[in-house]
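Working notes for the structure below.
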Amino acid sequence: MYSVEDPKDLTEALSSVDANLWQEATNDEIDSLESNKTWHLLDLPSGCKAIGCKRVLKKKLKPDRSVDKYKARLVAKGFRQRENIDFFDTFSPVTRITFIRVLISIAALNNLLIHQMDVKTAFLNGDLEEEIYMKQPKGFIVHGQESKVCKLDKSLYGLKQAPKQWHEKFDNLLVSKGFKASKLQELKKDNYFNSKPACTPYDSSVKLFKNTGDSVNQFEYASIKGSLRYATDCTRPDIAYTVGLLYDSKATKSEMIALVAASEEASWLRSLL
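In the working numbering, the protein residues as written are 48 to 320.
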């Protein structure tokens, strides 16, 4: 018999009825970190601070809600990182649905097969440029070296720069295989390769107002709006104007009411099909 809820921490996991499965998942995660040489132990240098870490424990479920896999992931407490000390740039690009459709169209036109793959523990492959120190994970503190900390040599889930470092690693791999970034090709083609970057023009007539009213659940608001944005980009461009009027952060009851109205509009448009 297995519990349904995910444990909050390793202590709770190891005291549950499926403790052996959580222990196996945790051991697999540590083995991945060690084989990837994610860190090495040393004494914390003077003047430096070590961030903490925690384990995120999750059951991967099948469509029938039965347990498919027990997953343990060690996550650095990136919210403890200090800007311009522990991290600098964090931007990492993601693909747009437009480009995915282009690739699918090319495959369809040329009668090609599409294969999908997943990089196991992808973020662990990124090389760190900053010096980051982390406390040893609870339950896996090396005997005789309890006072030492982990000097991170590779990126780790939870770090603010983790997505960026993985992107750079993957981007460099593609370039080494002969791929070229399309933006460089366009700049070279139009003789703008040496042009200076320009800031996006800002309309000085735009006035910003401080939010007023009672706050609502920010996670719920962001989740619903994210779903609407996906529908806007992928299947329902006709609700783009309504979704575009929704405020992005620190939503209050008025924004939530507008969000519900946008959801109702999307549902009504769907009923017309």
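C-beta atoms are modelled at their ideal positions from N, C-alpha and C, and glycine is treated no differently.
Computed from a prediction, not measured in an experiment: that's the story for all the values here.
Query raised in the report: Taking Cβ positions, are Ala322 and Leu220 nearer each other than 7 Å?
Result: Since the first residue of the chain shown is 48 and the last is 320, residue 322 is not available in this structure.
Query raised in the report: Under the three-state reduction of DSSP, which class applies to Ile98: helix, strand or coil?
Result: As a working note, residue 98 is residue 51 in the sequence shown. Three-state DSSP puts Ile98 in a strand.
Requested in this report: Could you tell me which residues DSSP puts in a beta bridge with Val122?
Outcome: Residue 122 sits at position 75 when you count from the first residue of the sequence shown. In the DSSP output, where bridge partners are listed per residue, Val122 has Lys101.
Report task. Identify whether Met303 lies in helix, strand or coil by the three-state DSSP scheme. Result -> Your numbering for residue 303 matches position 256 in the sequence shown. Of the three classes helix, strand and coil, the one that applies to Met303 here is helix, per DSSP.
**Report entry** Neighbour-count burial assignment, Gln208, 16 or more Cβ in a 10 Å radius
**Finding:** Position 161 of the sequence shown, counted from the start, is the residue given in the question as residue 208. Buried: at least 16 other Cβ atoms inside 10 Å.
Query raised in the report: Where does Val166 sit, in a helix, a strand or coil, going by DSSP?
Result: Mapped onto the sequence shown, residue 166 falls at position 119. Looking at Val166 - three-state DSSP - the assignment turns out to be coil, as it is neither helix nor strand.
Report task. Quick one: measure Cβ to Cβ for Lys211 and Leu57, integer angstroms, because I've assumed they're closer than 8 Å. Result -> Numbered from its first residue, the sequence shown carries residue 211 at position 164. Numbered from its first residue, the sequence shown carries residue 57 at position 10. No, Lys211 and Leu57 are not in contact; Cβ-Cβ is about 29 Å, not under 8 Å.
Query raised in the report: Starting from His87 and walking both ways along the beta strand (DSSP E), at which residues does that stretch end?
Result: Reading the sequence shown from its first residue, position 40 is the one you call residue 87. Looking at the DSSP string, the run of the beta strand (DSSP E) that includes His87 is 86 to 89.
Query raised in the report: Using 8 Å as the Cβ pair cut-off and three pairs as the minimum, do the segment 181 to 200 and the segment 139 to 157 touch?
Result: no
**Report entry** Coarse secondary structure for Leu159, derived from DSSP in three states
**Finding:** Position 112 of the sequence shown holds residue 159. DSSP places Leu159 in coil when its eight states are reduced to three.
Requested in this report: Enumerate in chain order the residues of its own chain whose CB-to-CB distance from Gln192 is below 6 Å, with the five nearest sequence positions on each side excluded.
Outcome: Taking the first residue of the sequence shown as position 1, residue 192 is located at position 145. Leu88, listed in sequence order.
Query raised in the report: Any idea what DSSP makes of Ser63, helix, strand or coil?
Result: Reading the sequence shown from its first residue, position 16 is the one you call residue 63. DSSP places Ser63 in coil when its eight states are reduced to three.
Query raised in the report: If you drop the 5 nearest sequence neighbours on each side, which residues of the same chain put their C-beta closer than 6 Å to that of Pro248?
Result: To locate residue 248, count along the sequence shown from 1; it is residue 201. Annotation note: pLDDT 42 at Pro248 (below 50); position unreliable, coordinate value reported separately. So the list is empty, once near-sequence residues are dropped.
**Report entry** Cβ neighbours of Val263 in the same chain (closer than 7 Å, five flanking residues each side left out)
**Finding:** Position 216 of the sequence shown, counted from the start, is the residue given in the question as residue 263. Within the same chain, Val263 has close Cβ partners Ala298, Thr299, Lys300, Met303.
Report task. Please name the residue or residues paired with Lys107 in a DSSP beta bridge. Result -> Within the sequence shown, numbered from 1, the residue matching residue 107 stands at position 60. Note: Lys107 sits in a beta bridge opposite Lys116.
Report task. Note down the Cα distance separating Thr85 from Phe170, rounded to an integer number of angstroms. Result -> Within the sequence shown, residue 85 is the residue found at index 38, counting from 1. Within the sequence shown, residue 170 is the residue found at index 123, counting from 1. So the two alpha carbons sit approximately 11 Å from each other.
**Report entry** Limits of the unbroken beta strand (DSSP E) element including Lys198
**Finding:** On the sequence shown, residue 198 is found 151 positions in, with the first residue counted as 1. Element bounds for Lys198: 196 to 199.
Query raised in the report: If you draw a straight line from the alpha carbon of Pro140 to that of His214, how long is it in whole angstroms?
Result: Within the sequence shown, residue 140 is the residue found at index 93, counting from 1. Within the sequence shown, residue 214 is the residue found at index 167, counting from 1. Whole-angstrom Cα-Cα distance: 8 Å.
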